[in-house]
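Those protein sequence lines, which keep their order, are chains A and B.
This note's numbering numbers the first residue of the first sequence as 7 and each following residue consecutively.
This note's numbering numbers the first residue of the second sequence as 7 and each following residue consecutively.
We put the CB at the ideal spot given by N, CA and C, even for glycine.
All of these numbers come straight from a predicted model, not from anything done at the bench.
Here the structure comes first, spelled out in structure tokens, and everything after it is commentary.
2 protein chains.
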Amino acid sequence: MTQVESALQGVITPEMEHVAGQEGINADFVRQGVGVGTIVIPRNRKRCNVSAVGIGAGLRTKVSASIGLYGEQAEVDTEVEKIRAAVAAGTDSIMDLSVSGDIDRMRRVTLATSTTPVGTLPLYQAVAEAAKKYGSSVKMNVDELFEVIERQAADGVDFLALHCGTTMDIVRRAKQEGRIDPLVSYGGSHLIGWMVHNGRENPLYEQYDRVLEIARKYDITVSLADGMRPGCLADSLDGAQVHELVILGELVRRAREAGVQIMVKGPGHVPLNHLKATVVLQRSLCKGAPYFVFGPVVTDIAAGYDHISAAIGGALSAWAGAAFLCYVTASEHLGLPNVEQVREGVVAARIAAHAGDLAKGHPGAADWDLELSKARKLLNWKKQIELAIDPQRAEYMRKTRSEDSSKACAMCGKYCAMDLVSNYLGTAKLSC
Amino acid sequence: MTQVESALQGVITPEMEHVAGQEGINADFVRQGVGVGTIVIPRNRKRCNVSAVGIGAGLRTKVSASIGLYGEQAEVDTEVEKIRAAVAAGTDSIMDLSVSGDIDRMRRVTLATSTTPVGTLPLYQAVAEAAKKYGSSVKMNVDELFEVIERQAADGVDFLALHCGTTMDIVRRAKQEGRIDPLVSYGGSHLIGWMVHNGRENPLYEQYDRVLEIARKYDITVSLADGMRPGCLADSLDGAQVHELVILGELVRRAREAGVQIMVKGPGHVPLNHLKATVVLQRSLCKGAPYFVFGPVVTDIAAGYDHISAAIGGALSAWAGAAFLCYVTASEHLGLPNVEQVREGVVAARIAAHAGDLAKGHPGAADWDLELSKARKLLNWKKQIELAIDPQRAEYMRKTRSEDSSKACAMCGKYCAMDLVSNYLGTAKLSC
């Protein structure tokens with residue numbers, strides 16, 4: 007039985023129990039969410055050493071960090087360092103998005119290293135292997151693509167990102183519409199190149215049942231990737247994007263009927279005034295399937311600071327109901343992140359997720375802020391540092407950037423203004 | 007004549023002309039805004055070497071960076087470095103918030119260094135001088151406070167932050183309400199300490215006409231500081247904050263009647279779901295006077311990353327109608343920023359301001375993003391770097407974090423998927 011089937015039969019699995027414990031909520035609420043598909047718990051049957059994570063309605067907003075081999079200089083060890091940094095910084099999942107090098111090894115090392123759920127995008131490997139075998143990715147054989155999906159599934163990957171909804175109809179619509187930036191999805195571009203060259207429909211759409219069969223076998227969560235995600239603000243909410251989202255809604259229904267957990271990947275590049283509409287649209291078309299947005303950045307001009315731009319978009323998305331935020335690092339649009347940028351990317355996404363949870367009144371979210379605010383009032387530095395989203399960074403800044411506050415204040419002398427005020431207000435001593 | 011009086015008499019001043027040129031709008035629109043008070047152009051009659059900046063409705067959202075001497079280790083030279091970094095990073099104004107050391111010298115150096123408008127908070131100096139003279143800030147004499155205000159005005163300061171609305175009534179309300187974090191405004195705390203100790207009303211409220219007289223004399227813009235700004239999310243939009251905002255609305259009206267330009271300072275710490283209400287409330291109570299918000303941060307737990315938390319709050323504030331964003335640096339709540347944190351703080355605030363401008367459809371805002379997106383599609387790296395919000399940072403990251411993209415792609419070989427797709431879509435060559 008898959009998690010969905012257990013849920014529908016009223017069975018609370020150990021994964022649901024674990025998620026309920028983590029979230030401090032009733033296990034039956036989690037079971038119901040998994041049953042109707044508003045919650046997913048990505049966990050491959052074969053996966054070991056993983057702490058189950060719930061993503062969806064009524065749960066804390068989650069974040070994901072991406073690593074992977076890219077280019078000739080990429081090394082597995084460097085990526086392992088990034089995984090460790092991301093997990094230490096509090097990511098809820100890792101995606102291995104390797105496109106070159108020893109992709110099998112990188113994935114297996116990722117699964118062994120990460121204590122959080124792991125996702126992959128099998129098309130990248132299928133494309134790389136076809137390029138090696140035939141001299142071009144467009145020569146890829148459909149069975150070979152499915153062989154890679156099965157291989158990655160058999161390794162224990164918890165969720166698979168697949169461009170199942172990028173159909174020829176949608177590609178034609180993109181052509182008619184004349185986008186500013188037609189395609190920015192790496193997998194989507196290779197897939198569409200294949201479709202155009204071979205004059206064939208997207209095999210992941212045509213043979214979607216085969217996708218679901220593999221997902222069922224390993225109880226993998228499918229993450230429907232959006233091959234047509236806009237690559238700039240000007241293309242946001244255009245016909246191609248929305249048409250693909252309609253198709254993704256159809257694929258969500260079919261996955262649920264097959265007892266497969268499913269979530270939907272989202273943009274990318276969204277102006278603030280499109281954010282709520284984008285999330286509301288997805289929740290309606292995809293019948294509440296968890297929305298996994300990529301940032302999104304809220305301006306195109308913040309290269310070098312896209313983690314900040316994405317935190318703005320992520321916070322609004324989370325507030326509007328997106329359940330899962332894919333981090334964006336400071337080096338997005340410029341190159342690959344180093345370890346420090348991975349860490350900052352995870353923290354920025356967590357700030358966004360938490361700001362969203364606070365805004366929608368997620369139970370327990372405000373307690374964290376309240377506890378820290380009380381410690382701040384009492385000048386309890388130890389507790390302030392402990393409660394900071396990144397205690398190590400907070401402690402370092404406190405050490406390097408603050409004056410010695412133990413010295414007597416030269417401003418008030420015998421009559422301390424702060425004492426006067428705090429006595430008057432009947433509160434603890436104020437700081438100056 | 008002050009700017010307001012000129013505007014009301016139909017006279018377009020050189021400052022209004024300059025602002026109109028900068029914004030690419032009609033000078034009479036600026037004149038009308040200054041006349042009714044929805045736009046301010048902070049510019050002291052005596053100030054030299056400054057490029058006039060307009061703040062308010064219909065203009066690009068502006069940002070401000072704060073520097074200043076604080077503590078025994080503070081040095082004028084270090085702060086000058088921060089001013090230069092902030093101006094280079096694109097700040098629209100500098101506030102010198104010195105509380106110790108040679109405050110007169112720091113201010114004069116700031117005015118000489120900054121090419122943007124300069125603001126100060128005279129209460130800090132008055133408090134420091136009283137502490138030195140009498141052994142305690144609560145012994146400060148009211149005439150001495152006004153002497154400092156006049157001294158700073160005479161130096162050429164363009165806008166003065168003054169806690170004119172923090173009345174005894176409001177302090178009593180804060181006491182009744184039992185805030186989590188009663189007071190976080192440094193100036194507000196010293197002022198209230200003085201009020202409680204001396205059993206007297208706030209002299210900046212009682213003698214507000216005297217404040218306006220100085221402002222008129224030098225044609226200074228008054229920035230009404232919020233002594234009661236909440237210090238944590240839990241205190242947002244409480245009775246004390248809103249009561250003070252009601253008083254600030256009264257003071258806006260009186261300033262306008264006196265021909266004085268006025269803006270209103272805002273919070274601080276605001277959950278996302280309070281942001282729009284906070285801005286709408288200010289715009290209603292203060293009859294459209296420009297709102298100068300302090301970030302705001304959207305969670306209390308982001309110490310070490312408060313520039314990111316503030317960018318989230320700033321973007322939403324700008325979208326909702328706040329005209330001016332005071333930056334928050336990564337070291338907020340932990341210590342004082344170094345030069346790099348000043349630079350990052352300015353850029354984060356500018357990203358927020360621009361995201362807000364895009365969302366509200368500010369004329370011209372989208373052009374910047376569009377131009378960069380077109381350069382991105384064409385793989386025109388030179389132009390992408392030039393158009394990035396911080397070209398120096400973007401170029402550095404591109405150099406250090408990217409693969410050599412000049413090499414032939416090993417993925418597609420003879421049949422390049424990107425060529426196939428771009429030929430099909432009829433666009434320029436896509437990147438992979």
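Annotation: Thr227/B to His249/B spans about 23 Å, alpha carbon to alpha carbon.
Around the C-beta of Ala261/B, 16 or more other C-beta atoms lie within 10 Å, and the residue is accordingly described as buried.
Residue range Trp387 to Leu393 is occupied by the alpha helix (DSSP H) that includes Ile391/A, with no beta strand (DSSP E) assigned at that position.
When DSSP states are grouped into helix, strand and coil, Asp373/A belongs to the helix group. Residue-level contact by beta carbon fails for Asp175/B and chain A, as no gap is shorter than 8 Å. For Gln390/A, a Cβ of chain B is located within less than 8 Å of the residue's own Cβ. Per the coordinates, the alpha-carbon of Ser143/A lies some 21 Å from the alpha-carbon of Arg235/A. Proximity of the region 337-346 of chain A to the region 356-369 of chain A falls short of the contact definition, fewer than three beta-carbon pairs being nearer than 8 Å.
Val25/A and Val56/A have their C-alpha atoms roughly 12 Å apart. The beta carbon of Gly107/A is closer than 6 Å to those of Leu75 and Ala80 in its chain, skipping five residues each way along the sequence.
What Asp232/B touches in chain A, judged by beta-carbon distance under 7 Å, is nothing: the nearest beta carbon there is about 16 Å away. Between the region 13-20 of chain A and the region 82-101 of chain A there are fewer than three inter-stretch CB-CB distances shorter than 8 Å, so the stretches are not counted as touching. Identification of chain B residues near Thr433/A by a Cβ-Cβ cut-off of 7 Å yields Pro188, ordered along the chain. A distance below 7 Å between beta-carbons, with the five flanking residues on each side excluded, links Val266/B to the following residues of its chain, in chain order: Thr8, Val10, Leu218, Ala221, Arg222 and Val228. For Ala167/A, the beta-bridge partners assigned by DSSP are Ser229/A. By the Cβ rule, the region 157-176 of chain A counts as touching the region 124-144 of chain A, because three or more pairs are nearer than 8 Å. Three or more beta-carbon pairs separated by less than 8 Å are not found between the region 393-411 of chain B and the region 182-189 of chain A, which leaves the two stretches without contact.
Residue contact check for Tyr211/B against chain A: no CB pair falls below 8 Å. The C-alpha of Val299/A is placed about 17 Å away from the C-alpha of Gly43/A. In this chain, Ser104/A is not harboured by any alpha helix (DSSP H), its DSSP state being neither H nor E. Among the CB atoms of chain B, one or more fall inside 8 Å of the CB of Val144/A. Taking Ala240/B as the centre and dropping the five residues before and after it, the same chain places the C-beta of Ile186 closer than 6 Å to its C-beta, in chain order. Leaving aside the five residues that flank Leu103/B on each side, the residues in its chain whose CB is nearer than 6 Å to its CB run, in chain order, Ser72, Gly74 and Leu127.
Counting other Cβ atoms within 10 Å of its Cβ, Arg51/A stays below 16 and is therefore classed as exposed. Rounded to whole angstroms, the gap between the alpha carbons of Trp374/A and Glu150/B is 44 Å.
Listed as beta-bridge partners of His275/A by DSSP are Val303/A. In the structure shown, Ser337/B falls within a coil segment according to DSSP collapsed to helix, strand and coil. Between the region 318-328 of chain A and the region 301-321 of chain B, the count of Cβ pairs shorter than 8 Å is three or higher; the stretches touch. Interface criterion met: the Cβ of Leu376/B is under 8 Å from a Cβ in chain A.
Here Ile357/A has Ala317, Ala321 and Ile395 as same chain residues with Cβ atoms under 8 Å from its own Cβ, once five neighbours each way along the sequence are excluded. CA-CA distance, Phe165/B to Gln288/A, rounds to 47 Å. For Thr305/B, the residues of chain A that pass the 7 Å Cβ criterion are Ile357, His360, Ala361, Leu364 and Asp375, in the order they occur in the chain.
Note that the C-beta distance between Leu376/A and Leu393/A is not below 8 Å. Judged by DSSP secondary structure, Thr406/B falls outside any beta strand (DSSP E) and instead within the alpha helix (DSSP H) spanning Pro397 to Arg407. Two segments are said to touch when three or more pairs of C-beta atoms, one from each, lie closer than 8 Å; by this definition the region 328-338 of chain A touches the region 307-317 of chain A. At least 8 Å separates the CB of Gly245/B from every CB of chain A.
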